[in-house]
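Enquirer: Mind looking over this structure? Questions follow.
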Amino acid sequence: MRRNLKTLLKYILLSSVTVVFTVLTYRIFKSKDFTRDRNSLGLARSIGIEPLAPREVILVDNEKIDWHDYEQIEKELKRLGRGEHGKPEFLSEQEKHDYDSLYKVNGFNAALSDKIAIDRSVPDIRHKGCRAKKYLKNLPTVSVIVPFHNEHWTTLLRTAVSVVKRSPPHLLKEVILVDDFSSKAFSKKPLDDYLAANLTKVRAIHLPERSGLIRARLAGARAATADVLVFLDSHTEANVNWLPPLLEPIAQDYKTCVCPFIDVIQYETFEYRAQDEGARGAFDWEFFYKRLPLLPEDLKHPTEPFKSPVMAGGLFAISAKFFWELGGYDEGLDIWGGEQYELSFKIWQCGGQMYDAPCSRVGHIYRKFAPFPNPGKGDFVGRNYKRVAEVWMDEYAQYLYMRRPQYKNLDPGDLTQQRAIRDQLHCKPFKWFMENVAFDLPLKYPPVEPGDFGFGEIRNLGAPELCVDSLFRERDQAVAVAPCLSDAGRKGKGEQNFTLSWHKDLRVKGKSLCFDVSDPNDKADVTLYPCHGSKGNQYWKYDVEKQWFLHGGNPRCLDCDPGQKRLYVRACDESSKTQKWRFENVNLTMIADWESVGIK
C-alpha cells in the first residue's frame with residue numbers, strides 16, 4: 001500500500017512539473033518567429049506546438065505601408081513662384097547688385113538663392129515604380145546631421161526645411177546643424193533664434209574652433225539621439241518620400257549603410273535635375289572618386305537598392321549602433337579627404353554592406369569653386385589618404401604610392417587605434433574587398449595601367465607657332481591655343497603638356513581634367529571637365545596618317561582659329577590645315593592596336 005502511494009505521489013509530482021514546463025515552453029515558443037530558427041521549430045513541434053505559418057509572421061513582422069504624404073505632395077504641385085518645381089531661375093539686371101560679392105564667398109549664385117523660397121517645391125524625378133513602392137511600417141527614428149562652415153543663410157535653411165517638410169514626423173527625431181566655427185554673424189545667435197521660433201526639430205551646435213568636415217560630422221553624431229544617423233551636406237534639398245527607402249534596409253540589417261541618389265542643383269540657376277539614373281561608387285588609384293556601371297541584375301530592378309563599393313561622401317544613412325561599432329570616422333583624418341573611402345572600406349571589410357537607394361533622392365549644389373582658404377596644414381589630404389591606405393588597403397597601398405610617390409614620405413600619425421579596431425572586429429583583408437565587392441574595378445581602373453597612346457606638346461600645322469594650351473584653367477573653362485612654350489620661352493605662362501591616355505581621353509598632364517565637348521553644334525568649344533572615362537564627351541583618337549584629333553563616336557576634328565586663339569571641334573575637312581596637329585610623342589605600336597587597348 002505504501003509503495004503504491006509513493007508511486008502515485010511521484011507520478012503526480014512528475015505530471016505537475018511536465019504541465020508547468022509545457023505551459024512555459026508554449027508561451028515562449030508561441031511568441032517566436034520559427035521561420036528564422038530551425039532548431040526552435042523542431043523543438044516546438046516535438047512538444048506538440050505548431051508555429052504560425054510564415055505568411056502570418058510576415059504580416060506581423062514585415063507589414064509594409066505607403067509612406068507618401070499625399071496632402072503635402074498636392075500642396076507642392078499647386079505652388080507658384082521663382083524656382084518652384086526646381087525650374088531654372090535668373091536674376092534681373094536690377095537684382096545683380098550683390099551677385100559678384102556673394103558668388104565670391106559661396107561658389108554659387110547665392111543672390112538668386114535669396115529670391116527663391118526656402119520651402120520651394122522640387123520635381124519628383126524618381127523612377128515611376130517608386131511611386132507604388134511600400135516600405136516597412138516599423139522603421140527606426142532618425143537624426144539628420146548637417147555640418148557647415150560659413151554656409152549661405154538661405155541654402156542652409158532650405159536644407160533643413162526640405163528635411164522637415166518631406167520626412168514622416170514621427171521618424172524624424174531631430175536635425176542637428178553643426179556650425180564648424182563659422183565667421184558669418186547669422187551663423188550664431190540669429191540662427192539659434194530663427195530655429196527656436198520656426199523649426200523646433202532643428203537645432204544648431206557651435207564648435208569652439210575650426211575642426212574640419214570630418215570632426216564636425218563626428219560632433220553631430222555624438223550629439224544625436226536617434227537610432228539612425230543621416231548625414232547631409234549643407235546645400236541640399238530632400239525630395240519626395242526620401243527617408244523610408246534609406247531606412248528599410250537598415251531596419252532589416254543594422255550593419256547596412258544606404259546612400260540616396262544625388263541629384264544636381266545647378267549652381268547658377270538652381271535648376272533641380274537628375275545627375276543620372278545610378279552607378280556604383282568606385283575610385284582610381286590616385287583616390288579620385290569614380291563610378292562603375294550598374295550590374296545586369298540591378299538594371300532589371302530599377303527601384304531596388306543595389307550594392308555599391310564606395311560612397312560618394314557626404315550623403316548617407318547608417319545605424320548609430322553600427323557607426324560606433326566601427327569607431328565612427330578615424331579621428332586622425334584631418335579637415336576633409338579620404339573619409340568616404342575609410343568608412344566604405346570599414347563597412348564592407350568589417351561585416352557590413354552598402355547600398356544606393358534609387359527611390360531616395362536628394363539634390364546637391366556642386367559649387368563652381370571651393371570658396372574656403374587653404375587651412376594651412378600642409379598636405380592634409382595626402383596624410384589622410386596614407387592613413388586609409390596603411391590601415392585598410394594592405395598590399396594594394398603600393399598602387400596609390402606608385403601614382404603619388406610623395407605620400408611615402410608623409411607621416412600619417414599614430415595608427416594604433418585604427419589597427420586595433422580592425423583586429424577587434426576581425427575585418428577581412430582588402431584583397432577580399434577587391435575580389436568580392438569591387439571585382440570589376442580593375443577592368444576600368446587597373447592597378448598597373450597600360451602605357452599611353454601619346455604625350456607632350458600638340459602643335460598646329462596650319463599655324464605652327466601655336467600649341468594647345470589649357471592656361472592653368474579649371475573645370476568648365478575653355479581650352480585655347482597660344483604661342484608654343486618650346487619656341488617662345490614662355491615658361492610658367494602656359495600649360496601645354498597633354499596625354500592621350502589609355503582611357504582614350506585627352507587630359508592635362510598630371511591632372512584629372514580632360515578635354516570635354518558636350519555641344520553638338522559646329523565649332524563647339526573644348527572645355528575642361530573631371531575625367532570620367534572615354535565614352536561620349538571625352539572620347540579622343542589620334543589619326544597618325546591624317547594628323548587629326550578626332551572627337552566622339554560620330555567624329556569631329558579638333559580645329560582652331562589662330563586669330564582668336566580659340567580651340568573647338570568641327571566637321572572633318574581633309575583640306576583644312578588648322579585641323580592637322582603634330583603630337584610630340586606618339587606610341588605607334590599602341591595606336592596600331594587601338595581597338596584592343598583602352599577602357600572596358
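Going by the UniProt record's numbering, the sequence shown opens with residue 1, and the numbers climb by one from there.
We put the CB at the ideal spot given by N, CA and C, even for glycine.
1. Can you check which of these residues, LEU415, LYS307, PRO405 and ASN239, is closest to TRP392 by C-alpha distance?
2. Within the same chain, show all residues whose beta-carbon is closer than 8 Å to that of LEU91, passing over the 5 residues directly before and after it, in chain order.
3. Quick one: what's got a C-beta closer than 7 Å to TYR341's C-beta in the same chain, skipping five residues either side?
4. Under 8 Å Cβ to Cβ from PHE433, same chain only, skipping five residues before and after it: list those, please.
5. Quick one: what's got a C-beta closer than 7 Å to LEU461's C-beta in the same chain, skipping five residues either side?
6. Quick check for students: name the residue ranges of the alpha helix (DSSP H) that lie wholly in the segment 435 to 468, counting only runs of 4 or more.
7. Using the DSSP secondary-structure output, state which residues sit across from GLU74 in a beta bridge.
8. When the distance is taken between beta carbons, is LEU588 closer than 8 Å to TRP540?
9. Looking at the unbroken alpha helix (DSSP H) that takes in PHE288, where does it start and where does it end?
10. Between ASP525 and the rest of its own chain, which residues show a CB-CB distance below 6 Å, the 5 nearest in sequence each way excluded?
11. Identify, in the order they occur along the chain, each residue of the same chain with its Cβ nearer than 6 Å to the Cβ of GLY382, setting aside the five sequence neighbours on each side.
12. Between the Cα of GLY314 and those of PHE231, ASP593 and GLU248, spot the shortest distance and give me the residue it belongs to.
13. Give the C-beta separation of VAL164 and LEU195 to the nearest angstrom, bearing in mind that I take them to be a contact with Cβ-Cβ under 8 Å.
14. In the DSSP assignment, find the beta strand (DSSP E) that holds ASP516 and state where it starts and stops.
15. Would you mind sorting ASP276 into buried or exposed? The rule is 16 or more other CB atoms within 10 Å of its CB.
16. Would the segment 547 to 558 count as touching the segment 417 to 429 if we require 3 or more Cβ pairs under 8 Å?
17. Exposed or buried, what is PHE316 when buried is set at 16 or more other beta-carbons lying within 10 Å of its beta-carbon?
18. Please report how far the alpha carbon of PRO358 lies from the alpha carbon of PHE181, in whole angstroms.
19. For ALA185 and ASP179, what's the separation of their Cα atoms in angstroms?
20. By alpha-carbon positions, which one of VAL508, TRP594 and PHE498 ends up nearest to ASN585?
21. Three-state secondary structure (DSSP) at ARG475?
22. How long is the line joining the alpha carbons of LYS565 and GLU93, rounded to whole angstroms?
23. Would you call MET402 buried or exposed, if buried means 16 or more other Cβ atoms sit within 10 Å of its Cβ?
24. According to DSSP, which residues form a beta bridge with CYS259?
Expert: By the coordinates alone:
1. Counted from its first residue, the sequence shown places residue 392 at position 392. The candidate whose alpha carbon is nearest that of TRP392 is LEU415.
2. Here residue 91 refers to the residue found at position 91 of the sequence shown. Around LEU91: TYR99, ASN109, ALA111, LEU112 and LYS115.
3. By 1-based counting over the sequence shown, the position of residue 341 is 341. Taken in chain order, the residues that qualify are PHE283, PHE287, VAL310 and VAL388.
4. Here residue 433 refers to the residue found at position 433 when the sequence shown is read from its first residue. Here the set comprises PRO309, PHE345, TRP348 and GLN349.
5. Locating residue 461 in the sequence shown gives position 461, counting from the first residue. Answer for LEU461: GLN547, LYS577, LYS580, TRP581 and ARG582, listed in chain order.
6. 441 to 444
7. For this step, residue 74 is matched to residue 74 along the sequence shown. In the DSSP output, where bridge partners are listed per residue, GLU74 has none listed.
8. Mapped onto the sequence shown, residue 540 falls at position 540. Mapped onto the sequence shown, residue 588 falls at position 588. Their beta carbons are not under 8 Å apart, which means TRP540 does not touch LEU588 by this criterion.
9. As a working note, residue 288 is residue 288 in the sequence shown. Counting along the chain, PHE288 falls outside any alpha helix (DSSP H), and DSSP gives it neither H nor E.
10. Sequence index remark: in the sequence shown, residue 525 carries index 525 (1-based). If we look at ASP525 and ignore the five residues flanking it on each side, its Cβ neighbours are ALA478 and TYR568.
11. Within the sequence shown, the letter at position 382 stands for residue 382. Around GLY382: TYR407 and LEU410.
12. Position 314 of the sequence shown, counting from 1, holds the residue named residue 314. The residue with the shortest Cα to Cα distance from GLY314 is PHE231.
13. Position 164 of the sequence shown, counted from the first residue, corresponds to residue 164. Position 195 of the sequence shown, counted from the first residue, corresponds to residue 195. The pair is not a contact, with the Cβ atoms about 11 Å apart (cut-off 8 Å).
14. Numbered from 1 along the sequence shown, position 516 holds the residue referred to as residue 516. From DSSP, the beta strand (DSSP E) with ASP516 extends over 513 to 516.
15. Counted from its first residue, the sequence shown places residue 276 at position 276. Result: exposed.
16. no
17. As a first step, residue 316 must be located in the sequence shown, where it is residue number 316. PHE316 comes out buried.
18. If you number the sequence shown from 1, residue 358 lands on position 358. If you number the sequence shown from 1, residue 181 lands on position 181. Their backbone Cα atoms lie some 35 Å apart in a straight line.
19. As a working note, residue 185 is residue 185 in the sequence shown. As a working note, residue 179 is residue 179 in the sequence shown. Rounded to whole angstroms, ALA185 to ASP179 spans 12 Å at the Cα level.
20. Along the sequence shown, read from residue 1 onward, the residue named residue 585 stands at position 585. The option with the nearest alpha carbon to ASN585 is PHE498.
21. As a working mapping, residue 475 is identified with position 475 in the sequence shown. Coil, per DSSP.
22. Here residue 565 corresponds to residue number 565 of the sequence shown, with the count starting at 1. Here residue 93 corresponds to residue number 93 of the sequence shown, with the count starting at 1. Their Cα atoms are separated by approximately 31 Å.
23. Position 402 of the sequence shown, counted from the first residue, corresponds to residue 402. Under this definition MET402 is an exposed residue.
24. The residue you call residue 259 lines up with position 259 of the sequence shown. DSSP lists ASP356 as partners of CYS259.
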